[in-house]
Every structure is written in C-alpha cells, then in structure tokens.
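Numbered by the numbering used here, the letters in the sequence shown go through residues 1170 to 1826 in order.
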Amino acid sequence: MEKINKLKIQVSLLLVFQVLIIVFFKLLWDFNIILPSLITIIEIAIFVILFNVYEKDLEETNVGITRVLGTEAKEAFLFGETGMLSYDDNYVISWMSEIFEERGFNRIGKKLLVWLPETDDLISGKAEEVEIVLDNHVYLVHRKDDAKVLFFRDITETKMFKDAYEGEQIVIGLINLDNYEESTRYEDEKLTSSINNSIRQPVVEWCKRHGLLLRRLKNDRYMVVLNENIFKELVEDRFSILNTVRRAAQELDVSITLSMSFARGTTNFEELDEMVIQLLDLAQSRGGDQVAIRRAGEDVKFFGGSSEAIEKRSRVRVRIMANTLKDLIQKAGNVVICCHKEADFDCMGGAIAMSRITQAYGKACCIIAKTGGIEEKLAAVVEKNKTELLSRHQFVTENEAMNQYRDDTLVIMVDHHSLKQSNGSHLLENAKKIAIFDHHRRSADLEMNPILVYIEAGASSTSELISEFIPYLSNRIELNELEANIMYAGMIIDTNRFKVRTGTRTFEAAGMLRTLGADPLVVDEYLKDTYSEFTMKSVIMNNCEQYEKGIVIAPVTDKIVSRSMMSQVADNILQIKDVQASFVIAMINDGQIAISARSRGKVNVQRIMENMHGGGHLTAAALQRDGKDVVELKNELIDAISRYFEEVDGNESNPTE
1170 MEKINKLKIQ VSLLLVFQVL IIVFFKLLWD FNIILPSLIT IIEIAIFVIL FNVYEKDLEE
1230 TNVGITRVLG TEAKEAFLFG ETGMLSYDDN YVISWMSEIF EERGFNRIGK KLLVWLPETD
1290 DLISGKAEEV EIVLDNHVYL VHRKDDAKVL FFRDITETKM FKDAYEGEQI VIGLINLDNY
1350 EESTRYEDEK LTSSINNSIR QPVVEWCKRH GLLLRRLKND RYMVVLNENI FKELVEDRFS
1410 ILNTVRRAAQ ELDVSITLSM SFARGTTNFE ELDEMVIQLL DLAQSRGGDQ VAIRRAGEDV
1470 KFFGGSSEAI EKRSRVRVRI MANTLKDLIQ KAGNVVICCH KEADFDCMGG AIAMSRITQA
1530 YGKACCIIAK TGGIEEKLAA VVEKNKTELL SRHQFVTENE AMNQYRDDTL VIMVDHHSLK
1590 QSNGSHLLEN AKKIAIFDHH RRSADLEMNP ILVYIEAGAS STSELISEFI PYLSNRIELN
1650 ELEANIMYAG MIIDTNRFKV RTGTRTFEAA GMLRTLGADP LVVDEYLKDT YSEFTMKSVI
1710 MNNCEQYEKG IVIAPVTDKI VSRSMMSQVA DNILQIKDVQ ASFVIAMIND GQIAISARSR
1770 GKVNVQRIME NMHGGGHLTA AALQRDGKDV VELKNELIDA ISRYFEEVDG NESNPTE
C-alpha cells in the first residue's frame, strides 16, 4: 500500500504539471486548450480507474487470506508464532502477516527468491517443507498447494530442545588394546612399565580430556560411556588416539594396536550392549587398529584400519577350532563345500583339504565347483589332472548339491563369507548348519546365521588356516602331492610369492605342505603365463595412468580381461618404483566390470573398495559392477581415492596426544 500511495503522489504531480503547462500556453499565446484539456481529463480518469482496480484486487487477496485462517488470524498468528505471506506470479511478496512486522521484516514488494532462496525447492515442489533461519529464529516453512501462500512456523524452541535431547543420548563404547597381554606376558618390568606409560596412559588421558566415563574391565579392555555431543567431538577428532597408540607401539617395537567400538541410536541398553560387543569383534576380526561404529538401524562405519592384520590366533585356538570342526562333521549327515565365484587356487586348495578332512571321518562330501566359474590357470590344472581329482573328490553344480541337502547337512564356506560371492548362495539361504573358514577381513554383516565362524584376517590364505587343523585332528588326513601343490599355489598367489601378509605361521604351513609333497617347481609351472597372457599383460601395462601419492590406474576399455589377469597385472605394477597402490579396471564379461586393487601397505585399498561396495584386504581388494562402463567406474574410483586421502590426511594432521 505504501508503494501505491507513493505512485499516486508521483502521478498526481505529473498531472498538475501538465495542467500548469496548458494554462501557461493559454495565457501567453492564447493557445487553444480544448484538446489538451480533454486528453488530460481522460488520463486522470484512466489513472483513477487503474488505481481503484489494483487496490480492490489487493484488498480481495488480503480478504481471501483472512478467510483461510478466519477472522481472528492476527491473534492466531501471534499466539502460535506463525507467519504467513503471499506472492504474485512474478514471486513478488504482496502481503506479510503481523509477526513479520513485529520482528522487523518488511519485504512487501520484494522478490521472494532473492530474500529467501531456500524456498525455491518448496515452490518448485522438490520439497514439502524447508527450514529457514532468520535473526536467530528457526522457521519451518510450508507452501499452500492451491494458493501462492507460504506458512512460517517458529520452531526455534522445539529445535533447541530436540537438539539438546539428541545430544544427550547415551553412547556405549569398548576400547581394546590388541595384543597387550601377549606383548607384556613375558617381558620385564621395565618394558611393561614403558608400555603402560606410552600406550595405556594416553588412552586414559584421551578419554578424560573428551569427558568419557571410563571403566577398566580387564588389563587390555575398557568400557566407556558418553553422549552424542561427545561422540561428535571424537568423530571430528577422527579418533586420533589410534595414531597415538600406533606410533608409540612402533617406537617400543611391540605389536599393540587399538580397537574401538561405539553403539548408539537407541535407549535400549541391552541392545546397545549386544551391539557394541559385536562391533568390537568385527573391528578385531578385520585386523584391529580401527573403530567400528553403528547407529541402530544403520550400516556399520569404520575409522582407521591403516595397519595390516597381525597374526593373533594361538595354537590353542587352532586346536579348539579343529575339534569343533571335527564334532560338526561327525554329527552331520553329509557335507557340502561352497567356493566363491571364479574360484582360485587358494579357494580350491581349502575346499579339497576340507573334503579330505570330511572323508577321513567317513562322511559323504561334495564340492560346488561346476557353478560360478573357475580361474583360468586353475581350470587348466583341474582339466589336466581331472581323473586323479575326480577319484578323490566329488565336484557338483549348485543344483546337484541342493538335491543332496538334508536338515543335518553341514555347509562349509571356504575363502569367502558373503552370499553374493558364493557359488552356493541359494543353498546357503536355506541351510541350517553353516561353517565359515576365511582369511579376508570380515564385512559388517554376515547374511546368514553360521554355527561356526573362523575368519582370521592375519592369515595369509585359507589354505594356511585349514592346513593348521591337520595335526590336531584325531583321524589321519591324507593329502597327495597334487592337493598339496594346489594349496601351496594358493599360498604363493595370496602372498605374492611370500612378499605380503606373510608371518611365521605362513612358512610353517608352507613347510608342512612341502613335507606332503608340494613342489615349488611344479607350482611355478602352474602359474606361468602363456604367450597370449604375456601379450595381454603388456597391453594392460601400456594403459597405466599415474596419479599423485603413488597411485597408478590401468583402465582397459576395449578388451575382456579375466580377474586373475587383472590381479597379476596389479601385482606387477607394484614392482614399479614409488608406486604405492595399483588399480586395474576392465570388463570381465559382457555387462560386468571389475576393479583389482593392490597396495604395498601404506594405502588401504580395502577401505577404498568398501566405499565403492567392494571388499578385501588392506593390501589386496576388488569389486565388480553391472551396467557401468570403464570410464565411469574410473571416475568413481578417482573420487573414492580422493575421499580416502582426505580422511587419512585429516587423521595424520591431528596433534599427537
């Protein structure tokens, strides 16, 4: 209305000026003023009509708005701290309710989207409501569907109480010093005191500094209680205590790392307790030196994990697992062994060793090997020794295995623990007794309910894990030279010829296989490349693209490449000086693309692949995708690598405790 009044004054002045000019011409030159006077009268009439129409339209708009909320709209607006405004087709504000006037906002005649750009999604229908902050007040804004009207509800107090409530929600955590007991058991008092001062004490001080309630459960484990506000501080700090403990352990030359778990998002303490224990077990089974976090109803998130898994299984644990496996086999009616898709030497080696163990206890056993595919070099070995293998093992399809399934059947997964990776996924979905033997870092959730889980990320291979059972089993397990060679080949490949993930137990297992007849020269023949494979490797190597921080990516856009070829090339790229991690991207068949990732240990390729919904180890990981091309997947990989280094650099930049 103020603008209309100003416009009226301006138009009136112009008309007065026009009349004065007409009078001036009449008095000075006796000019005929009939026509100019008539024009002036018509102009005055037109302006009067236009102003009346506009004011009437504005009044009807305001009356219509009043009808929406009733005659007591003003009192309702003010009492409920609710505001309301209307706008025209050009998104110019035409009316605002009294609450805006009281709070010093007068934007009538201004562009709505210039003043409040947040309302664009609301007006376009992309959002049903938006939150807007104006002078320390928070408003929840809605749009009336059938009118150009916005409603503003002041939720400042509600949001303040909600944030306070959420910030005070209980979070339960467990802190574990991995290998603490083993590192201090036989050491002198001086070293033990140094470990306590340099490793345990910083953990306690870190908890106190951030306001965590800390209670020691045993020498190497603490329970902590905190709230969401403190938890957010820990996330922003990126759990820098992991780096502190890691550096202190390196200085003292001890294999101690820190594993932590935090459960949140529910007021059910029993649920929090169960969740936090499972999370700590998950963090440790993935190698430790990391934090596992879960909010009730959401996926697990991880921080850290920049160290390779350390051998933590004791011979006592191996003996217990061997005896448990024996009991399960003896109680089972028969045994079905599942491999992962595109089974490799380690997977097949573990499967045939498990088959011989089962046969030693007089139980029928079959291996699902005719479904899901077999790696090329392994397929050549199997075909060449087909008669000998079939005389000692039963290879079946998944459907044939399902026909042999009964309620007392034991289903064993070797070298994997994911349904998506298994060549017996349909069987596993219905199986009642499942045992898992794997050396890959454990994924967040097992998609089945196994009765035995033996996942040791510190082991070099599944062949190593299963070969350790043999001395502890009461019945004699007979492996021939061919079976020992396949297992030995699995260890050779998974350790990149004993260069990575290799511990003392690895050489002990390799030594045992040698006594059973494993021959390195024969295994070397298994793994030699054909001329066409050598040529293919050269082509892939020519596609290498070098990036910062020692990253090399080799995308292959015009050829189908086997997974084994991709992994071998990724290993070869690591032989180049200053290369820290390699990624080979290629089509593995029509419609499927895969990435094979390898690392020297400084770059955690497992975390990069997990962020892209893949998985693996710190130094060896992979993924496969449907419906993408190589270039798209390469760009996604580059983004994932950038996010990984942003997080790692953020961790490293944290101050030392």
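Built from N, CA and C at the ideal position, the CB exists for glycine as well.
Since the model is a prediction, treat every value here as computed from it, not as a measurement.
Taken in chain order, the unbroken stretches of alpha helix (DSSP H) that lie wholly in the segment 1771 to 1810 and span 4 residues or more are 1774 to 1780. Taking C-alpha positions only, glutamate 1440 is separated from leucine 1411 by approximately 26 Å.
Three or more Cβ pairs closer than 8 Å define a contact, and the segment 1521 to 1528 meets that threshold against the segment 1629 to 1637. Fully contained in the segment 1443 to 1503 are the following alpha helix (DSSP H) runs of length 4 or more, in chain order: 1484 to 1500.
Considered as a whole, the segment 1364 to 1427 harbours 1370 to 1379, 1397 to 1405 and 1410 to 1421 as its complete alpha helix (DSSP H) runs of no fewer than 4 residues, in chain order. With fewer than 16 other beta carbons inside 10 angstroms of its own, methionine 1329 counts as exposed. For threonine 1251, the beta-bridge partners assigned by DSSP are Arg1322. Among the bridge pairs identified by DSSP, proline 1724 is matched with Ile1754. Given a length threshold of 3 residues, each whole run of the beta strand (DSSP E) inside the segment 1575 to 1609 is given here in chain order: 1579 to 1583 and 1602 to 1607.
According to the DSSP secondary-structure assignment, histidine 1509 is paired through a beta bridge with Ser1591.
Per DSSP, valine 1669 is not a residue of any beta strand (DSSP E), being assigned neither H nor E. When only Cα atoms are considered, isoleucine 1210 and phenylalanine 1186 end up about 14 Å apart. Taking all protein chains in view, the Cβ of glycine 1278 is surrounded by fewer than 16 other Cβ atoms within 10 Å, so the residue is classified as exposed. Taking aspartate 1759 as reference, the option from Ile1742, Ile1268, Val1799 and Phe1752 with the minimal CA-CA separation is Val1799.
Following the DSSP letters along the chain, one finds serine 1524 inside the alpha helix (DSSP H) bounded by residues 1514 to 1529. Contact annotation: leucine 1559 and phenylalanine 1514 have beta-carbon atoms that are not nearer than 8 Å. For methionine 1265, the enclosing beta strand (DSSP E) covers residues 1262 to 1265.
The continuous stretches of alpha helix (DSSP H) do not include glutamine 1761, which lies in the beta strand (DSSP E) extending over residues 1761 to 1768.
Under DSSP, alanine 1687 shares a beta bridge with no residue. CA-to-CA, the gap between asparagine 1492 and aspartate 1332 works out to about 53 Å. Between phenylalanine 1431 and valine 1340, the C-beta gap is smaller than 8 Å, which places the two residues in contact.
Between isoleucine 1268 and leucine 1285, the C-beta gap is not smaller than 8 Å, which leaves the two residues out of contact. Comparing C-alpha distances from leucine 1682 to each of Asp1496, Ile1655 and Leu1449 shows the shortest one belongs to Ile1655. With distances taken between CA atoms, lysine 1295 lies nearest to Asp1314 out of Lys1280, Leu1303 and Asp1314.
For tyrosine 1256, the number of other beta carbons within 10 angstroms of its own is at least 16, and it is reported as buried. In this structure, tyrosine 1349 and asparagine 1398 do not form a Cβ contact; the two beta carbons are roughly 30 Å apart against a cut-off of 8 Å. Under the three-state reduction of DSSP, methionine 1705 is assigned to helix.
Ranking Gly1473, Asp1347 and Glu1801 by CA distance to the CA of glutamine 1761 puts Glu1801 first. Across the structure, isoleucine 1262 and asparagine 1275 are spaced so that their CA atoms are roughly 10 Å apart. By the Cβ test, the segment 1640 to 1656 is not in contact with the segment 1499 to 1506, since fewer than three Cβ pairs between them sit closer than 8 Å. Beta-bridge analysis with DSSP links lysine 1359 to no other residue.
Burial state of glutamate 1652 is buried, judged by a 10 Å Cβ sphere holding 16 or more other Cβ atoms. Contact check between the segment 1761 to 1777 and the segment 1686 to 1695: fewer than three CB pairs, one atom from each, fall below 8 Å, which does not count as touching.
For arginine 1433, the beta-bridge partners assigned by DSSP are Arg1464. A distance below 8 Å separates the beta carbons of leucine 1588 and leucine 1597. DSSP places alanine 1533 in no alpha helix (DSSP H) but in the uninterrupted beta strand (DSSP E) bounded by 1533 to 1537.
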